[in-house]
Each structure stands twice: as structure tokens, then as C-alpha cells.
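The block underneath contains the structure these notes are about, expressed in C-alpha cells.
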Amino acid sequence: MARDNVLVMAPQVVMQRARGFVCVNAHPEGCFRNVERQVAEVRGDLPVPVAGPKNVLVLGSSTGYGLASRVAAAWGFGARTLGVFFERPPEDSRTGTAGWYNTVAFHRLATRDALYACSLNGDAFADEVKRAAAEIIRREMGPIDLCIYSLAAPRRTHPRTGVVHNATLKSIGAAYTNKTIDLSSRKVVEVTIPPATEREIADTVAVMGGEDWRMWAEMLLDEGLLAPGARTLAYSYIGPELTWPIYWHGTIGRAKEDLEKTAHQLDKLLATRLGGHAWISVNKAVVTQASAAIPVVPLYMSLLFRVLRRKQLDEDTAAQMRRLFFGALTAGKEVVTDKAGRIRLDDREMRPEVQAEVAALWPRVTTENLLEISDFSAFERAFRNLFGFEVEGVDYSQPTETDLHW
Ligand code: NAD
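In C-alpha cells, the structure reads:
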């Protein structure tokens, strides 16, 4: 089939293909249903649109917390959104990535509901992508009143030095041994993570720390593309002591510390220049492509979800962003923070009675009782859902169009 001399793919049956635990393809219709469900969840019974930011830039908007933020801004506030992300389009018989199809779905639904949406697929760390975003904001949107920084990237090519920094997920100081799930074999095994070198720590901070967030904010400020009172938020995670050696006290925690320092600096800068603010929002653990890659954390999440579900306290990504956007970011609402100035959405996860139950289950969990005492099945399903598989209502035996664009 030819379209403008371009080869167009015929619809194809898309079955999940995995390399180890990770899916290497994605199902467009499953991704569409996921985004459609998020839109419905955000709307809920709210009088829509709620008064709030109207021109929103989301960095890392194609999956996870960034996608849910974009949905909340668009369908909650009726905001015009510019989304930036790094995804692979469909090519030959290969499907695009889930984030690609999520974005196709976002645009389809936005068009249906007469919401302005623009998307930029490229490396957000690069100067040319920042310049392209500035151009779109100047030409089509007008000054940004909310900028969400939700990148989770494995590497960053530094725009000034050209050095490629790779993020690592390691402990600091001493090797760390604990239980984890070998996601491919579904076995509870012991894992030992060697301590990071100084270089690995610095590289992780260069990728996941605050420098790139600051570059975005300063660029927007210098170009006059931030509205009076503009706010910017980046996301972080702290979690319980159980995961601290690999997370909060590990290489990623160092990067998050740097992100927090940046939040304080940006907060002063924006307050002085335009009466604005910068915050860190500490979100709860949810299944995303980024979080599933951290050793120990999938086992912790499997136990946590069971405890939260039984106490009717569990929230998914969309529910967390609904709470953030309509609890904190609605016009006129006071933003409540902890003593360190962070917005806390992890309050339910961190309740002492929740953590006490998780801590009691931790030493007991084995390969044999994994499915019985944890929600590992739900974790696995949620992970496959991220790629559009095992989504309710999708007939996977039917061919589906994969050559989709927005
Ligand atoms: P995710 O993997 O679902 O999303 C990452 C996003 O970043 C995607 O849109 C991807 O396209 C984009 N991206 C990656 N590299 C990029 C690049 N070079 N240029 C442009 N876009 C790029 O991740 P997530 O779990 O939603 O994480 C987002 C943020 O939320 C992170 O800061 C993470 O630490 C934080 N967070 C996550 C959790 C959790 O449990 N998942 C909990 C609390 C906080």
C-alpha cells in the first residue's frame, strides 16, 4: 500500500513480544484504551474544566507520571498542552513504542474534545529540542503557566560538553544485598549490587539531577515564555528504609537530592522574577517502565500494592495526578508542603501501619508464596498493560493498524 510514495503498513495482529521481562513491542489499541481510561478517571465527577493552569508544558509526557500529568492538565483544567518525550515511531513491520501510541491516543481524544495539543518527539536534553519547544510556545501557545518535569532517562548527552552520561542504579559506600524478583523467571532471589564509583554517582546526577530542569526553566524565563506566577514541578520518590540502600541513599537518591536543591534555587528565581514557584512532588511507587527496572523495588511494590489494596488506600498513576492537580495546582488553592518544602503524595504509602505490614511480609516472601502473599500478578499485569497488552476489551486476535501518527 502506498501513501504519498511512502510504504504504508497493513493492519497486523500484534502479539506481545518480550526480551526477558521487557516488552519490545506495543499494542496501539491497548494504549488507546489506557489513555481513554485515564481521561475518564481524571474527569470523574468534577465540574470540568476546573480553574487552573491553561498553558502547560510537560517534559516526559508520553508514559507514566508525565502522561498522567498531561491528561490531568488537559481534561481537568482544559489546558493547552505541549508534550516532549523520546519515543520510537512504527517502522516497517515493527510497532512504535507504547509512549508513541499513548501520544497518538492523546491527540485523538484531544481533537475529539477540542483541546489544543502539540507534541515534540526528541531528546529533551538537547538544545535544539528546547529551541523547537520555545518556537511552538511563542507561535502557538503563549507563555507557559505550568511546567512539569517528568523525565526518566537512562542517559544524557550533555549539550555543552558532548559527554554521554549513563545513569546507574547502585548503592553508595558498600555493596548491598537483598531480595528481589527475577522478573523473567518469577523467582525471589538474592541480589548483590556493587557500590557505585564516584564517576557513576556523578553521571547519575548528571542524568537524573536538576541541571536539565534548570536549563529548561532558564531558557523559558530568558525567552519571556513564562507567564506571571508560573510554576514548575519535578517528581521524586523517597520510599521506606527497606529500599533506601538502592534508592534514597543510592545513586538515584543523590540525583533526587540534586533535583531538590534545584527546586529551591528555581523557587527563588521564579519568585523574584515573576512571582512564581518551583516544587518537588514526592509521588507514590507505581508500575512504570522506569520503576520496574530498579532492583528490589518490584518485590517491594508487589507487597505494597497488596497491603494498600486491602486497606482500600491504593492509587494508580492517574489517581495520584488527580490528587496533585486538583488538590494543589487548582487556582486559588494553597500548596501544602512538608518541612523540606516538598509536596507529598506518598502519604498513604508511607503510613506507619502500611509500612509495618510490608516490613512483616518482607522476610517471609519466597518464590513459593510470592503469588499468595504479594500482588505480583497485579504487578505483572500492570507492567504488560503499560505496553497495551492484557487491556480489558481489546481483542488481540484481530489485526490492528500500527502505522499511526498524530
Ligand atoms: P516513565 O519511564 O514512565 O516515563 C519517562 C518519560 O521520559 C517518557 O515520556 C519518556 O519518553 C521520557 N524520556 C526519557 N528520556 C527522554 C529524553 N532524553 N528526552 C525526552 N523525553 C525522554 O517514568 P516515570 O516512572 O513516570 O518517571 C517520571 C518521574 O517520576 C521520574 O522523575 C521518577 O523518578 C518520578 N517518580 C516515579 C515513581 C514511580 O514509582 N514510577 C514514583 C515517584 C516519582
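In the numbering used here, the protein residues as written are 151 to 556.
Even glycine gets a Cβ: it sits at the ideal position worked out from N, Cα and C.
M165 classed as buried or exposed, judged by whether at least 16 other C-beta atoms fall within 10 angstroms: Exposed, by the Cβ-count rule.
Going along the chain, which residues of its own chain have a beta-carbon closer than 7 Å to the beta-carbon of E522, five neighbours each way excluded? Answer for E522: no residue qualifies.
What does the alpha-carbon distance come out to for the pair N271 and L554? Taking the straight line joining both Cα atoms gives about 14 Å.
Counting along the chain, where does the alpha helix (DSSP H) carrying S250 start and finish? Reading the sequence as shown, one finds Trp at residue 250 and not Ser. It spans 248 to 262 - the alpha helix (DSSP H) in which W250 sits, taken as one unbroken run.
What does a CB cutoff of less than 7 Å around V156 pick up in its chain, not counting 5 residues either side in sequence? Here the model assigns V156 a pLDDT of 45, short of 50, so the residue's position is not dependable, and the following value carries that caveat. Within the same chain, no residue comes within 7 Å of V156 by CB-CB distance, once the 5 residues on both sides are set aside.
Please classify S431: does DSSP put it in a helix, a strand, or coil? It is a strand residue.
Boundaries (first-last residue) of the alpha helix (DSSP H) holding T412: First-last of the alpha helix (DSSP H) with T412: 401 to 424.
For F171 and T467, the rounded distance between their alpha carbons: Rounded to the nearest whole angstrom, the C-alpha separation of T467 and F171 is 21 Å.
Could you work out which residue in S441, Y387, A276 is closest to G214 when comparing CA atoms only? Closest option to G214, Cα to Cα, is S441.
Tell me the DSSP secondary structure of I298 in three-state form. Three-state result, I298: strand.
P345 - partner residues in DSSP beta bridges: BP columns for P345 point to S321.
Can you tell which of T318, T516, L296 has the C-alpha that lies nearest to the C-alpha of L479? For L479, the nearest C-alpha among the options comes from L296.
Decide if the region 351 to 367 is in contact with the region 309 to 316; the criterion is three or more beta carbon pairs, one per stretch, under 8 Å apart. Contact between the region 351 to 367 and the region 309 to 316 is present, with at least three C-beta pairs closer than 8 Å.
Helix, strand or coil: which one does DSSP assign to V480? Just to set this straight, residue 480 is Thr in the shown sequence, not Val. In the structure shown, T480 sits in coil (DSSP, three-state: anything other than H, G, I, E or B).
Looking at E237: is its Cβ nearer than 7 Å to the Cβ of S212? Between E237 and S212, the C-beta spacing is below 7 Å.
Could you tell me if P445 is buried or exposed, where buried requires 16 or more neighbouring beta carbons within 10 angstroms of its beta carbon? By the 10 Å Cβ count, P445 comes out buried.
For a test of your reading of the model: does the CB of G233 fall under 6 Å from any non-hydrogen atom of the ligand NAD? Yes or no. No, since every heavy atom of the ligand NAD falls outside the 6 Å radius drawn around the Cβ of G233.
Can you give me the C-alpha to C-alpha distance between R153 and V432, rounded to a whole angstrom? Here R153 scores only 39 on pLDDT, less than 50, and its place in the model should not be relied on; the value that follows carries that caveat. In a straight line, the C-alpha of R153 is about 46 Å away from that of V432.
For P178, name the three-state secondary structure that DSSP assigns. For P178, the secondary structure class from DSSP, reduced to helix, strand or coil, is helix.
Note the first and the last residue of the continuous beta strand (DSSP E) segment covering G226. G226 -> no beta strand (DSSP E), and no H or E assigned at all.
Within a Cβ cutoff of 6 Å, which residues of the same chain sit near T307, ignoring the five residues on either side of it in sequence? Only V314 meet the Cβ criterion.
G374: buried (16+ other C-beta within 10 angstroms of its C-beta) or exposed? Classification for G374: exposed.
Roughly how many whole angstroms lie between the Cα atoms of A190 and T516? The C-alpha of T516 is placed about 38 Å away from the C-alpha of A190.
Short of 8 Å in beta carbon distance, which residues of its chain neighbour R258, apart from the five on each side in sequence? Order them along the chain. Excluding residues within five positions, the ones whose Cβ falls inside 8 Å are F182, W556.
Any non-hydrogen atom of the ligand NAD closer than 6 Å to D488 Cβ: D488 Cβ: outside cutoff for every heavy atom of the ligand NAD.
Tell whether a beta-carbon distance below 7 Å holds between A224 and T231. In contact: A224 and T231 (Cβ atoms closer than 7 Å).
Consider the C-beta atom of A274 and the heavy atoms of the ligand NAD; say whether any pair is separated by less than 6 Å. Distance from the C-beta of A274 to the nearest heavy atom of the ligand NAD is below 6 Å.
Kindly give me the distance between the Cβ atoms of P178 and G543, rounded to whole angstroms, as I take these residues to be in contact under 8 Å. P178 to G543, Cβ: 14 Å. No contact.
Kindly confirm or deny that the region 445 to 464 and the region 523 to 535 touch, where touching means at least three C-beta pairs closer than 8 Å. Segments in contact, yes.
Tell me which residues share the same chain as K483 and place their Cβ nearer than 8 Å to its Cβ, disregarding the 5 neighbours each side in the sequence. Within the same chain, G477 come within 8 Å of K483 by CB-CB distance, once the 5 residues on both sides are set aside.
Which partner residues of L270 appear in the DSSP bridge assignment? As a beta-bridge residue in DSSP terms, L270 pairs with V234.
By how many angstroms is the C-alpha of L454 removed from the C-alpha of S524? Taking the straight line from one Cα to the other gives about 8 Å.
Out of E465, R381, Q505, A303, state which residue places its alpha-carbon closest to the alpha-carbon of D417. Per the Cα distances, R381.
I need the boundaries of the beta strand (DSSP E) containing D332, first residue and last residue. Where D332 is concerned, the enclosing beta strand (DSSP E) stretches over 326 to 332.
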